[in-house]
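Have a look at the structure below, then the notes.
Number of protein chains: 4
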Amino acid sequence: MSRSFSLDEVSKHNSPSSCWVIIGNKVYDVTEFLPDHPGGAKIILKYAGKDATSAYEPIHPPDALDKHLPREKHLGSLDSAAASAVKEAAQNRRKTKDELRVEAAHAAKPPVSRMLSLWDIEDVARKVLSYKALAYYASAADEEITDRENNRSFSRFFFHPRVMRPVSQCDPSTTILGFKSSIPVFVSGAALARLGHPLGEANITRGAGRKGIIQMVSSNASLSYAQIAEARVSPEQPLFFQLYKHRDDHIAEERVREVISLGYNAIFLTVDAIVAGNRERDIRAPFELEEQEREADQASDSADKSAKQEKEEGGDVNLLGTAGALIANDDLDMSWERTIPWLRSITKLPIVIKGIQCVEDAVLAAEAGVDGILISNHGGRQLEYALPCIEVLYRLRQQRPDVFDKLEVYIDGGARRGTDVLKALCLGAKAVGMGRPFLYAQSAYGEEGVVRAIDILEREIVRGMRLLGVSNVKQLVPEMVEHVNWQPVLSRL
Amino acid sequence: MSRSFSLDEVSKHNSPSSCWVIIGNKVYDVTEFLPDHPGGAKIILKYAGKDATSAYEPIHPPDALDKHLPREKHLGSLDSAAASAVKEAAQNRRKTKDELRVEAAHAAKPPVSRMLSLWDIEDVARKVLSYKALAYYASAADEEITDRENNRSFSRFFFHPRVMRPVSQCDPSTTILGFKSSIPVFVSGAALARLGHPLGEANITRGAGRKGIIQMVSSNASLSYAQIAEARVSPEQPLFFQLYKHRDDHIAEERVREVISLGYNAIFLTVDAIVAGNRERDIRAPFELEEQEREADQASDSADKSAKQEKEEGGDVNLLGTAGALIANDDLDMSWERTIPWLRSITKLPIVIKGIQCVEDAVLAAEAGVDGILISNHGGRQLEYALPCIEVLYRLRQQRPDVFDKLEVYIDGGARRGTDVLKALCLGAKAVGMGRPFLYAQSAYGEEGVVRAIDILEREIVRGMRLLGVSNVKQLVPEMVEHVNWQPVLSRL
Amino acid sequence: MSRSFSLDEVSKHNSPSSCWVIIGNKVYDVTEFLPDHPGGAKIILKYAGKDATSAYEPIHPPDALDKHLPREKHLGSLDSAAASAVKEAAQNRRKTKDELRVEAAHAAKPPVSRMLSLWDIEDVARKVLSYKALAYYASAADEEITDRENNRSFSRFFFHPRVMRPVSQCDPSTTILGFKSSIPVFVSGAALARLGHPLGEANITRGAGRKGIIQMVSSNASLSYAQIAEARVSPEQPLFFQLYKHRDDHIAEERVREVISLGYNAIFLTVDAIVAGNRERDIRAPFELEEQEREADQASDSADKSAKQEKEEGGDVNLLGTAGALIANDDLDMSWERTIPWLRSITKLPIVIKGIQCVEDAVLAAEAGVDGILISNHGGRQLEYALPCIEVLYRLRQQRPDVFDKLEVYIDGGARRGTDVLKALCLGAKAVGMGRPFLYAQSAYGEEGVVRAIDILEREIVRGMRLLGVSNVKQLVPEMVEHVNWQPVLSRL
Amino acid sequence: MSRSFSLDEVSKHNSPSSCWVIIGNKVYDVTEFLPDHPGGAKIILKYAGKDATSAYEPIHPPDALDKHLPREKHLGSLDSAAASAVKEAAQNRRKTKDELRVEAAHAAKPPVSRMLSLWDIEDVARKVLSYKALAYYASAADEEITDRENNRSFSRFFFHPRVMRPVSQCDPSTTILGFKSSIPVFVSGAALARLGHPLGEANITRGAGRKGIIQMVSSNASLSYAQIAEARVSPEQPLFFQLYKHRDDHIAEERVREVISLGYNAIFLTVDAIVAGNRERDIRAPFELEEQEREADQASDSADKSAKQEKEEGGDVNLLGTAGALIANDDLDMSWERTIPWLRSITKLPIVIKGIQCVEDAVLAAEAGVDGILISNHGGRQLEYALPCIEVLYRLRQQRPDVFDKLEVYIDGGARRGTDVLKALCLGAKAVGMGRPFLYAQSAYGEEGVVRAIDILEREIVRGMRLLGVSNVKQLVPEMVEHVNWQPVLSRL
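Protein chains in written order, with UniProt numbering: chain A, 1 to 493; chain B, 1 to 493; chain C, 1 to 493; chain D, 1 to 493.
The structure is reproduced here in structure tokens:
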């Protein structure tokens, strides 16, 4: 990789038959990789012969090229004139309408100290996130019904608070797979944090470490697993790994061995996202954005013609969206019989099944001898009309209370308040995972946003425990919640 | 029919006592037919002595005059001067406000490749359809409650998705009455496709043929049964026939024999539409349109006086609407004892009862020995407060599971997503019919719209099956759905 | 009553100590009547010494003065100069903002032939009614919850329609207390029809007579009982009488004897309105109107001062409203033991208890031997949170089906569609009463409005029967309706 | 306290190390008190060396300084020049935007005689209250769901009204802990009445006394307990005391002994507010107000710079809100075993537990031998998702009817109508408490507002009793209410 290239030279390789791209002043030949790109060849070809850095970086970890592109395709670097030209072009690039909106939103956001709830933080994040990032973070399957119902379902559980119990000493801490957690909440796996903030997943790692809760790192993180491990506040800070299993067992094994060697502490095998959910907001984002820019252009200059032309052509629509690309190579043929023994054979780490969605599979998981299950419908992003997670948990408690003795049970999806967490714990959950709230927190305020979110949750949980009359999490019991048959009016949904 | 006529001559026959009309340059004497016209004499008299082509064509199949008007009333053709004059008049006619709106909507619609769901297609169709066509397609009985509930009812069924099952090989195909269908969906009978697109039902025939699903053709199609048969992509493409039984058994028999001879493959006897439902939007369409044009007129010229006059007169309102006219001669006295044996006596084709709305009648149908039942409330267009079809299916599954062993059960009404289809299949349906979605698809994008709609459904069904953990339709079982007692918030309704 | 008076003379009697009023050119001394006026003395004193005709007439029957004011207080007539002056003053009076609005609404309303449903008619009526009239007609107790729930409750009953049954011959007629009714609907008692139309209750009498349904006449009609009897289309036309029982048995007996002698055919004893409901819209109407006029005045002249003054004074608010005044003398101490035998002792006419609101009282009514019960919560105008009538009927059918064998059961409140009527009949009601719909119909279109309303209902009922598979009302059975546990989305409420 | 001070001298003590404040022309050294101030040191330091009267007075009773600040820290008075300067400064102070809004709202409000319901009064109060006062009064926990559900829950209880029962004599009175109450309603404890009206709690005391109902006085009243006792209309007027128990038993005992000596008649021990609820509206009020004023400033002058600066600093947010400060020293370790015997040991007054929220604790209270329980979730201000009070009452009636024989049961939270009160009485409550409605009534109209509110309730209760067929409160029985499974549409929520 000692060669250096002029822009002119690179620009000649601008077609499917020879496709070079510049990323971070380096030149890569991706011609042979085009058909294997999970996000499709089309998006790469848009940058054929050109600088692709700004599009590439937020959605790929730095080690992606090393892992996926053979060494010999790393052709070399730009020469200094080219590097300067690329840099200047990036600086002179006219900002898009959406980028200008984001800048203004960041300037106008309130100080983090005024964030009183996770909803407040989400409100800020929805303003400061780019259109594309918000579409990826917020989108869910089809009409997004399960996503909304995940949250609304908590509202049909009411408390039977107990009074006249000593609660001045109140300890909200618990353990998860034996690891201490300052509150019964963990960061659930969620990909592409750099879409929302340049420091990405490391914001969460540091915030979680400072406050004593545990982060589950996605296979599709936008930092490398090593970078995230390095971001820990101490070597003892536990990290869990959310495994998307590659269809090729060997590639999958390599991924597991990498995180073992980095000191990750548990494997959450994701089983509810073997194919991409139909996240229409995410899929639609590219052409919604295009429409926005076109309108902006029409106001300022005469870009009419090409816009019209493109419209008439229509062209392909990438139906996978950002999410689909990430899991394009996942294993569609996992099974209890094959996959659990395989995973056990390569690691001694605790194994949790992420994505259990009914009582029957919870029972099978217990029989398979895993260490825990995470009841989850992937934040409503996969199968529309999967039962909300708190409803599944409730059914498990009603129908098979014995399962809670055999493994640890967690839920994620829809929890936003301390009371949501407490309801799940009353029903037998050991902890509650949250994904989007931490993406939003780091997008709005970086590491400090993550710390604030945990502070808020801790305050809500401790207050809730005291008002329920309990002084530690073990005192949270099923008798303290009631599943009512009416639907409260929610101001949010 | 060798005579030729001048416009002057035709124009003299402009009264109930002698009423001629021009349709497609031909001259017809409809004087004696006036009292028998299902849509009423009034609408014909509006065109007495004049050219009626543009009003006639979209709502009558080309063979209607041959079938319903005696040969001797087909008087002859216009002479060439008259033909030119009629043509010129049609071209010079000032477009109505609604026609201009439709033209603009067509010009602005997005390319079909950006349609992500049936809802997207419906949104486009609602913009590009004429006021009258949309009123006919979209209208339902009374307050349209059953129409909305048909759709909403699906949302009270949630899934129990199964994980860790091999699903890379996933086959969504099934058979309907022994005929192969690429997905468990068929086109349910829906009339007057030419109201929405000049090629009408043939768009659906070709789209269905190309994608391997089956079309049920309405007795009230706006193309002739022969034209539709000819539109098939191959002679093997199956077609079902939706029979509205004429009160005169002989006329009814003639209709059945016609479709047998054309190679149709099954008879769906429609029993839920013996009288017209109260579709107020459809009934109201003529005077809503009149009002629109009047407002347009008042802006541009002084049509005030006649408008006012008409208003004061009030005049008759056709309470049947478009729909009522279509079934004006239907048999109100069908019975299990009389009608099924009669139909069996004239055809060996499979017989399905379309319009079963309760468990008791499903049982009677099984006892009557028919081949299938289509649980349907006619898209909510007939009896307001008929139970939604998925609710009837659920009750049948709960109360009389034996019926599913005796005949094939289908449902239609309200399904719009792959998940809707899968819920019905879990409960025992062999396939799900859709009517309006295909009318909308062909109205918005012609044959390509139909193909796109089927593509969307196939993608949604396959994705849904995989996320449910099944690899063929037989694995869809009642345990996979749960009827919940809350109502999700829907963004659409 | 031979004396005649000048305006000057009358105007001197303008105080509580001597209070004369002019009504229809006649002069009355109402000084001693002031404390007995059910609507309060204040409203009369507003007209002391002046012409009160326009305020008096729409809310009092013409025989009210004969019945309630001793002969010697009918002082005489205006002299001709006075009569002219009064007439001229009435003509020159500046119309109020509300009167101008009503005139414009009447001019703009669509022809009656375009009315497709009772809702259409109500929409017109809500536009053409005076503020005060609409407030009286539409208002209900407290937040008007029971009024809305009366209607919404019907929407939780769905049909099990039957197919393949001969229904070409379909007879919607029934009998009520032995009297023939062309459809199972009657006009329920509703007061003060002249507030909405100058011909008042006679519009309903004639419309009902022409279409063959039965009117129940309110004790508080704005025409005399005799005038209504005279409006019948034939002497055989049945009329029912809604009795508000006066606390003085003798006065009550006199009222009953009057209607017997006029040929009325049944007594509906009203038991749910012994005190006035809290109809805030009705109570608020006077000051809302005052506010409207004040705003109009402020625009046109300087009426500021007095308005401000009145505001500061505040003054009494009549908390009874129009409705309260009408029943100010009702009997609060009726009982099964005392009242039914008393009524039986003075008439052989059928007796129906109007206002049964729970199963227990339906049973007591059957034991008391009355001929019928009308399950009613007075259109939601009395006790907020009385159960909706269809819900009470349903409970009666579930818990005490024997009651239906002992007397006739009717319901009123909330029915607006043929399907509503059919649901009630399926559950065992003999007929369904409607009050407001007929007030609205006559207000909007007079007698023709009433005829149209009945035509609409008949068409809806016959269509509904056919689509349910029944050819006469006896075939409507409980198995045909199901009480569902979800709430449909209604476009109206 | 004989010394007198110049403003100059006071102004030197403007820091944490020496902090003096002026309240009502008196000078206090609060340096040592700073860390103990329940509302935090920051808010005091804002006034260090300055006049704090206007901020201090509405939220502290006049005896607060005597009780909480040692005698020697009451330094003396302002000299006459200083007193004049302070007075002049107060008069010349520019009114805030919010103060101007409140003044205009008071001028525009309708006369009290036009208030027809408690909702009307609340509507006025919401307009005339300062932003801060409304935020404190109206706010509730988290999303304020329990607050709304408290009210909505009543709407799922419908009546079975009885007819034909003598009700002309109707007595709505009852007793509470043996004390006569003209209607089964009492004023529930609610703090800081002077935020809404300068006369504060005394408005309620006098209104309640005049109408014969009983007031429960909050520990956190903004008048002294003595001032409230003095406001009674007669020495016999009963008063209840809502005890927030201080964590120090001796201080708590002192408080109880004070109210005993003042003649208070019962102790309501508050157990549901040991820590502050998360009332975000209240917490947010200071910075919302700041924002308002900043906007006003920016319009009129150039205050930009400091505003911007403050924003950038962010600064601490007081997460306790007004409410939190009030209970900062409450006892978190109360228990049935310890606290009830302690309270019994210091008083013979009846003891009621305020804040029972489930059946289990109602039973424990009965076993503890207290005189009554008030089922309450503190107006939804403490634990979000505590069951609504009427639902808890209903469960108690269903599951443990024996408890009603052992002690008196009251509820508060959400009742706004006479029908709400009657439903609770049917289910076994002896009386219903209302808090916010009386705060609103006195804020809008002072003492007359309180009288009007009670008049409205009395009228609604008597009317409701008559329409239910009962003539005294003992006749209200469980059979008269039904818990329905649907949710009525409410116009308010």
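Glycine is no exception: its CB is placed at the ideal position from the N, C-alpha and C atoms. All values reported here derive from a predicted model rather than from experimental measurement.
{"Asked": "Stretch-stretch touch, CB-based, cutoff 8 Å, three pairs: the stretch 392-399 of chain B with the stretch 288-298 of chain B", "Found": "no"}
{"Asked": "Environment of B:R3 [buried if 16+ CB atoms lie within 10 Å]", "Found": "exposed"}
{"Asked": "Per-residue DSSP class, three states only, for B:E143", "Found": "coil"}
{"Asked": "Delimiting residues of the beta strand (DSSP E) encompassing B:I375", "Found": "G372 to I375"}
{"Asked": "Cβ shell of B:I274 (< 6 Å), same chain only, five flanking positions each side left out", "Found": "D330 and L332"}
{"Asked": "Proximity of B:Y410 and B:K423 at Cβ, strictly below 7 Å", "Found": "no"}
{"Asked": "Coarse secondary structure for C:W342, derived from DSSP in three states", "Found": "helix"}
{"Asked": "Own chain partners of residue 498 of chain C with C-beta closer than 7 Å, once the 5 adjacent residues on each side are dropped", "Found": "The structure shown has nothing for residue 498 of chain C, since chain C only spans 1 to 493."}
{"Asked": "Distance, C:K50 Cα to residue 495 of chain C Cα", "Found": "In the structure as shown, chain C starts at 1 and stops at 493, and residue 495 of chain C therefore has no counterpart that could be examined."}
{"Asked": "At least 3 beta-carbon pairs within less than 8 Å: the stretch 342-351 of chain D vs the stretch 247-259 of chain D", "Found": "yes"}
{"Asked": "Ranges of the beta strand (DSSP E) found wholly within the stretch 4-89 of chain B, counting only runs of at least 3", "Found": "18-23, 26-29 and 74-78"}
{"Asked": "The stretch 7-25 of chain C contacting the stretch 477-491 of chain B, beta-carbon criterion three pairs below 8 Å", "Found": "no"}
{"Asked": "Test: C:R148 CB closer than 7 Å to a CB of chain D", "Found": "yes"}
{"Asked": "Residues bridged to A:E482 (per DSSP)", "Found": "A:F158"}
{"Asked": "Start-to-end residues for the beta strand (DSSP E) that takes in D:Y410", "Found": "E408 to D412"}
{"Asked": "A:H160: contacting residues in chain D (beta-carbon distance under 8 Å)", "Found": "Q357, C358, V359, E360 and L387"}
{"Asked": "Any C-beta of chain A under 7 Å from that of D:D267", "Found": "Residue 267 of chain D is actually Ile in this sequence, not Asp. No, D:I267 does not count as interfacial toward chain A."}
{"Asked": "Interface residues of chain A facing B:L490 [CB-CB closer than 8 Å]", "Found": "E143 and I145"}
{"Asked": "Min CB distance C:V167 to chain B below 7 Å", "Found": "yes"}
{"Asked": "Residue nearest to B:K26 in terms of C-alpha spacing, selected from B:G413, B:H37, B:V432 and B:K87", "Found": "B:K87"}
{"Asked": "Simplified DSSP assignment, three categories, for A:L490", "Found": "coil"}
{"Asked": "CB contact below 7 Å: A:M434 versus chain D", "Found": "no"}
{"Asked": "Own chain residues within Cβ distance below 7 Å of B:A231, not counting five before or after", "Found": "A202, T205 and R206"}
{"Asked": "Span of the alpha helix (DSSP H) around B:I213", "Found": "First-last for B:I213: undefined, no H or E at that position."}
{"Asked": "Reduced DSSP category for D:V477 - H, G, I as helix; E, B as strand; rest coil", "Found": "coil"}
{"Asked": "Per-residue contacts from A:E460 into chain F (C-beta, under 7 Å)", "Found": "Absent from the structure: chain F. Protein chains present are A, B, C and D."}
{"Asked": "Same chain, Cβ closer than 7 Å to C:S80, neighbours up to 5 away in sequence not counted", "Found": "none"}
{"Asked": "Proximal chain C residues relative to D:S117, where beta-carbon distance stays under 9 Å", "Found": "D142, E143, N278 and E280"}
{"Asked": "Outcome for D:A90 when other beta-carbon atoms lying within 10 angstroms are tallied against a minimum of 16", "Found": "exposed"}
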